[in-house]
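A.B. asks: Residue numbers (full-length UniProt numbering): 1 to 210.
Sharing a structure here in structure tokens format.
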Amino acid sequence: MTGKTRPWVTIDQALKTIRQNNKNVIGKEFIILGAGMAGLVAAYELTKLGHKVDIYEGSKQSGGRVWTKRFDNNKGYHELGAMRIPRAHDYTNHYIKEVAKLPMVGFVNSSNEGFYYIGGTVARTTQADFVEKILPQFSGLSSDEEDIVKTNGPGALLGHYMEPIFGSLDDGDKKALLDGSFIGNPKLVEFDNKSWHCYLKNETEASDDA
1 MTGKTRPWVT
11 IDQALKTIRQ
21 NNKNVIGKEF
31 IILGAGMAGL
41 VAAYELTKLG
51 HKVDIYEGSK
61 QSGGRVWTKR
71 FDNNKGYHEL
81 GAMRIPRAHD
91 YTNHYIKEVA
101 KLPMVGFVNS
111 SNEGFYYIGG
121 TVARTTQADF
131 VEKILPQFSG
141 LSSDEEDIVK
151 TNGPGALLGH
161 YMEPIFGSLD
171 DGDKKALLDG
181 SFIGNPKLVE
191 FDNKSWHCYL
201 KNETEASDDA
């Protein structure tokens, strides 16, 4: 397992500290509000330590942002929550292996066998199909934006507006992004606190359609 969720505390270190601090502690009763991932993990670890735990969840499903929608008697499914888990998320990977005991498979970032479904129109994720069937819906693109999409695909438009950020990163910043230690990097934390919408709206000349 590689990477760290925090630069200073790995999952193994965190669990070791929890076990040490729980020595000689008489079983207690806990109430956890929310059956999202944090609540479920807290309940799991507290129960392992001999405590009694009750969880209260306001919605009809547990798991928080982990939300798998199943179709066709569970034969087909789609992830409506998080769609992938980076290798650097050692906490998440730990519980997938220990609790769920599920195999991990590589994430397919793009494929010409996939589909776009935008504005009621279905198109293959090929450049030609996107330009023919989907691009006409976005008449508000600037001429430069439209040229970028026609030449290099819709993903290139994102890269175009992200270039100022990527160009400002030095080798240390890039390493921090890859190994999961960006939380201790002020520049990366500043970027992380921005939403895509606010960044594109306030710091670029992107059109609304972009």
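Yeah, the Cβ is synthetic: ideal placement off N, Cα and C, and Gly gets one too.
1) Pull up the distance between the alpha-carbon of I32 and that of G58, whole angstroms please.
2) Where D171 and L102 are concerned, what is the direct C-alpha to C-alpha distance, given to the nearest angstrom?
3) According to DSSP, simplified to helix, strand and coil, what is residue 235?
4) Let me know the secondary structure DSSP gives A128 once reduced to three states.
5) Just list the alpha helix (DSSP H) runs in the UniProt domain "Amine oxidase" (37-132), keeping only unbroken ones of 4 residues or longer that don't cross its boundaries, in chain order.
6) Just the C-alpha distance for G63 and A38, rounded to the nearest angstrom, thanks.
7) Using the rule of at least 16 other Cβ atoms within 10 Å of the residue's Cβ for burial, across every protein chain shown, is Y56 buried or exposed?
8) How far does the alpha helix (DSSP H) with F166 in it reach, from first residue to last?
9) If you draw a straight line from the alpha carbon of G186 to that of K175, how long is it in whole angstroms?
10) Between the C-alpha atoms of R87 and Y199, what's the straight-line distance to the nearest angstrom?
11) Once DSSP output is grouped into helix, strand and coil, what is the label at N30?
12) Count the other CB atoms within 10 Å of the CB of F115; is the residue buried (16 or more) or exposed (fewer)?
13) Compute the Euclidean distance between the alpha carbons of T92 and S143, then round it to the nearest angstrom.
14) Here's a check: name, in chain order, each residue in its chain whose Cβ is nearer than 7 Å to the Cβ of P154, leaving out the five neighbours to either side.
15) Rounded to a whole number of angstroms, what is the C-alpha to C-alpha distance between G167 and E146?
16) Considering only residues of the same chain and omitting the five flanking positions on each side of E79, which have a CB-CB separation below 8 Å?
17) Can you tell me where the alpha helix (DSSP H) holding A176 begins and where it ends?
18) Considering only C-alpha positions, which residue in the set A206, L15, I85, I165 is nearest to F138?
19) Considering only the beta carbon of each residue, do V53 and T47 sit closer than 8 Å?
20) The alpha helix (DSSP H) spanning D192 covers which residue range?
21) So the alpha helix (DSSP H) N202 belongs to, where does it begin and stop?
C.D. replies: Let me lay it out:
1) Working through the sequence shown from its first residue, we reach residue 32 at position 32. Working through the sequence shown from its first residue, we reach residue 58 at position 58. Answer to the nearest angstrom: the Cα atoms are 12 Å apart.
2) Reading the sequence shown from its first residue, position 171 is the one you call residue 171. Reading the sequence shown from its first residue, position 102 is the one you call residue 102. Distance between the alpha carbons of D171 and L102: 35 Å.
3) Given that the chain is displayed from residue 1 to residue 210, the structure contains no residue 235 and the question cannot be resolved.
4) Taking the sequence shown and counting its residues from 1, the one referred to as residue 128 is at position 128. In the structure shown, A128 sits in a helix (DSSP, three-state: H, G or I).
5) 37-48, 90-95
6) In the sequence shown, counting from the first residue as 1, residue 63 sits at position 63. In the sequence shown, counting from the first residue as 1, residue 38 sits at position 38. Distance between the alpha carbons of G63 and A38 is about 9 Å.
7) For this step, residue 56 is matched to residue 56 along the sequence shown. Counting Cβ neighbours within 10 Å, Y56 comes out exposed, since fewer than 16 surround it.
8) Position 166 of the sequence shown, counting from 1, holds the residue named residue 166. 154-167 is the span of the alpha helix (DSSP H), which, as asked, contains F166.
9) As a working note, residue 186 is residue 186 in the sequence shown. As a working note, residue 175 is residue 175 in the sequence shown. Here residue 186 turns out to be Pro, not Gly, going by the sequence shown. Going from the Cα of P186 to the Cα of K175 covers about 14 Å.
10) For the purposes of this step, residue 87 is identified with residue 87 of the sequence shown, where counting begins at 1. For the purposes of this step, residue 199 is identified with residue 199 of the sequence shown, where counting begins at 1. Taking the straight line joining both Cα atoms gives about 26 Å.
11) Against the sequence shown, residue 30 aligns to sequence position 30. With the sequence shown as reference, residue 30 is identified as Phe, and Asn is not the correct amino acid for it. F30 falls in the strand class under three-state DSSP.
12) Here residue 115 corresponds to residue number 115 of the sequence shown, with the count starting at 1. F115 is exposed by the Cβ-count criterion.
13) One-based indexing of the sequence shown puts residue 92 at position 92. One-based indexing of the sequence shown puts residue 143 at position 143. Straight-line Cα distance between these residues: approximately 43 Å.
14) Start at 1 with the first residue of the sequence shown, and residue 154 comes out as number 154. Taken in chain order, the residues that qualify are F130.
15) By one-based count along the sequence shown, residue 167 stands at place 167. By one-based count along the sequence shown, residue 146 stands at place 146. G167 and E146: Cα-Cα distance of roughly 23 Å.
16) The residue labelled residue 79 in the question sits at position 79 within the sequence shown. Same-chain partners within the cutoff: W67, T68, K69.
17) For the purposes of this step, residue 176 is identified with residue 176 of the sequence shown, where counting begins at 1. Taken as a continuous stretch (DSSP letters only), the alpha helix (DSSP H) holding A176 covers 171-179.
18) Residue numbering aside, residue 138 sits at position 138 when the sequence shown is read from its first letter. Checking every option, the nearest Cα to that of F138 belongs to A206.
19) Translated into the one-based positions of the sequence shown, residue 53 becomes position 53. Translated into the one-based positions of the sequence shown, residue 47 becomes position 47. In this structure, T47 lies closer than 8 Å to V53 by Cβ.
20) Within the sequence shown, numbered from 1, the residue matching residue 192 stands at position 192. D192 -> alpha helix (DSSP H) spans 186-192.
21) Mapped onto the sequence shown, residue 202 falls at position 202. 196-203 is the span of the alpha helix (DSSP H), which, as asked, contains N202.
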